[in-house]
Every structure is written in structure tokens, then in C-alpha cells.
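According to my numbering, the residues represented by the sequence shown are 1 to 222, in order. Backbone N, C-alpha and C define an ideal beta-carbon position, used for all residues, glycine too.
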Amino acid sequence: MTEDRLCLHHVPSSRSFRVLWMLAELGMTPEIELYAIPDGSLRTTDFLEKSPAGRVPALEIDGQVIFESGAILEYLAETRPEAALGRAPGQTERVDYLQWMHFAETQASILANLNLQHVFLRDPSTKSPTVLKIEAARLARTLDVIERAVTERDWLLAGGFSAADIMLGFNLYAAPFFVRLDPYPAVRDYIDRIEARPAHAKARLMDGPQAFYSRDFYPWDS
Ligand SMILES: N[C@@H](CCC(=O)N[C@@H](CS)C(=O)NCC(=O)O)C(=O)O
Numbered sequence: 001m002t003e004d005r006l007c008l009h010h011v012p013s014s015r016s017f018r019v020l021w022m023l024a025e026l027g028m029t030p031e032i033e034l035y036a037i038p039d040g041s042l043r044t045t046d047f048l049e050k051s052p053a054g055r056v057p058a059l060e061i062d063g064q065v066i067f068e069s070g071a072i073l074e075y076l077a078e079t080r081p082e083a084a085l086g087r088a089p090g091q092t093e094r095v096d097y098l099q100w101m102h103f104a105e106t107q108a109s110i111l112a113n114l115n116l117q118h119v120f121l122r123d124p125s126t127k128s129p130t131v132l133k134i135e136a137a138r139l140a141r142t143l144d145v146i147e148r149a150v151t152e153r154d155w156l157l158a159g160g161f162s163a164a165d166i167m168l169g170f171n172l173y174a175a176p177f178f179v180r181l182d183p184y185p186a187v188r189d190y191i192d193r194i195e196a197r198p199a200h201a202k203a204r205l206m207d208g209p210q211a212f213y214s215r216d217f218y219p220w221d222s
């Protein structure tokens with residue numbers, strides 16, 4: 001690894017999209033090494049040295065490798081403060097910023113369960129309608145929280161767009177596959193604002209085609 005290598009270990013439409021988008025907001029373009037969840041490429045010795053649990057993203061940057069999307073976004077925000085995408089200790093929005101950064105993973109863990117059950121199980125007959133129903137309801141509850149937040153303002157923080165919008169905004173790509181967004185007009189407007197960002201559009205172009213979802217919507221009882 002060289003000091004100046006910037007390389008994202010990436011699965012299209014996965015949490016590594018957060019890093020692609022954050023880098024685009026910072027005007028940084030990484031090399032991309034592509035992986036796929038079902039083909040074993042995340043379990044090679046070489047990749048496990050970069051990300052020990054075999055998960056994406058992993059980012060080679062500044063002569064080191066970082067895994068965990070939240071850690072990567074916080075590192076980028078802190079080391080590139082001129083972009084004002086983070087909220088440092090002592091800043092008024094620090095606590096809200098931290099809450100939203102971590103809330104994004106509360107919601108993403110629900111989406112991961114839904115993805116596993118609906119999309120990744122080799123034998124679909126092993127999926128659990130009970131788990132699917134509970135997780136769809138839990139996802140709806142997280143959308144209620146976001147609906148309230150972005151009814152009051154354009155971005156999660158009153159001070160403006162931040163890395164927390166990237167952490168959480170990424171999830172809103174997957175959420176509509178499992179919960180209809182009709183009762184969430186403010187979330188839909190928030191998604192429109194996200195998609196209007198040039199850096200988001202650039203990251204989508206670099207992301208590559210998603211290969212998970214073959215349907216527009218996955219009802220819990222299907
Ligand atoms: N909390 C971690 C979660 C990483 C994660 O689970 N990534 C998924 C893709 S969204 C993955 O690599 N899954 C591969 C697997 O579970 O085998 C993060 O935010 O980076």
C-alpha cells in the first residue's frame with residue numbers, strides 16, 4: 001500500500017456507496033476494487049486482511065486501511081474539515097450529529113435483515129414471515145423518526161448537509177423496497193433533495209448496477 005493510494009473496496013449498492021458519495025462530496029475520486037456478496041470474494045485472505053469480518057466498505061487512504069462506513073466517514077470529515085461535513089467536539093450540533101450517524105446503522109441493520117431474508121437466502125423456503133413482518137414494522141418506525149426530522153428542515157442538522165445525511169440517506173435507497181413511502185411525504189422530498197446533489201449523482205454513476213433486487217417491492221407476506 002502506498003501513502004497516496006485511494007482505493008475503495010466496494011460492492012455496488014451496499015454500504016460502501018456511503019464512502020463513494022462522501023468522497024464525491026469532497027471532490028475525491030478513488031480507484032474501485034469490486035466484490036460481490038454471493039461469490040466468496042469478500043472471504044479471501046487478501047480481503048480479510050483489509051476488513052477482518054469480510055464486509056465492505058474498506059478504504060485505503062493516507063497509507064492505512066479503514067473498515068466500517070461510519071468510521072470512514074468520520075475520519076474523512078475530521079481530516080478534511082474545510083468541507084464542513086462533520087461536527088467536531090464542542091460544536092453545538094455535535095450530539096445530534098453523533099446520534100444520526102449511529103441511528104443510520106440502527107436502520108441499516110433492519111435493512112440488512114430484510115435483504116438477507118428476501119434476497120440472499122439460498123433457499124427461500126427458510127425465510128420467516130414473522131421476522132419479515134417484525135422487521136418491516138421496525139423499519140416503518142425508523143421512517144417515522146426521519147419523517148419528523150426532515151419535516152422541520154432540509155437536512156438532518158439545522159446547520160446544513162453533513163456526513164449524517166450520507167450515512168442515513170444511503171439507507172433510503174433500500175427502504176422503499178420493503179415499506180411503501182406514501183405515508184412519508186417529507187422523506188420522499190428528502191430523497192429528492194439527496195438525488196439532486198451533484199456528488200450523489202456522480203457517486204451513483206461510479207457505483208455500478210445493483211444486482212440484489214429483481215422486484216420493485218417485497219411485501220413481508222410474499
Ligand atoms: N457496520 C458496517 C457493516 C458493513 C456490512 O455489513 N456491509 C455489508 C454490505 S452492506 C457486507 O459487506 N456484507 C457481506 C456479508 O455479510 O457477507 C459498516 O457500516 O461498514
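- Query: So what does A58 bridge to, in DSSP terms?
  - Reply: As a first step, residue 58 must be located in the sequence shown, where it is residue number 58. Looking at the DSSP assignment, A58 forms a beta bridge with H9, F67.
- Task: Could you check if V19 is buried or exposed, using at least 16 other CB atoms within 10 Å of its CB as the buried criterion?
- Result: Counting from one through the sequence shown, the residue named residue 19 turns up at place 19. The residue is buried, with at least 16 neighbouring Cβ atoms inside 10 Å.
- Query: So, helix, strand or coil for L20, using DSSP?
  - Reply: What you label residue 20 is simply residue 20 of the sequence shown in a count that begins at 1. Correct three-state label for L20: helix.
- Query: For Y75, which residues of its own chain have a beta-carbon under 7 angstroms away from its beta-carbon, when the five flanking residues on both sides are left out?
  - Reply: Within the sequence shown, the letter at position 75 stands for residue 75. These residues qualify, in order along the chain: I66.
- Message: Quick check: the Cα distance between C7 and R122, rounded to an integer number of angstroms?
- Response: Here residue 7 is taken as the residue at index 7 of the sequence shown, counted from 1. Here residue 122 is taken as the residue at index 122 of the sequence shown, counted from 1. For C7 and R122, the distance between alpha carbons rounds to 31 angstroms.
- Go to L34, then tell me how far its beta strand (DSSP E) extends in each direction, as first and last residue. The sequence position of residue 34 within the sequence shown is 34, counting from 1. Residues 31-34.
- Query: Do you know whose CA, among L73, A83, R5, lies nearest L26's CA?
  - Reply: What you label residue 26 is simply residue 26 of the sequence shown in a count that begins at 1. Residue A83 is the option with its Cα nearest to L26.
- Report back the beta-carbon spacing between A136 and V179 to the nearest angstrom; my notes put them in contact at under 8 angstroms. Looking up residue 136 in the sequence shown gives position 136. Looking up residue 179 in the sequence shown gives position 179. The Cβ separation is near 6 angstroms, so the contact holds.
- Message: Nearer than 7 angstroms: is that true of the beta carbon of G169 relative to any heavy atom of ligand 1?
- Response: Here residue 169 corresponds to residue number 169 of the sequence shown, with the count starting at 1. Checking every heavy atom of ligand 1 against the Cβ of G169, none is found closer than 7 angstroms.
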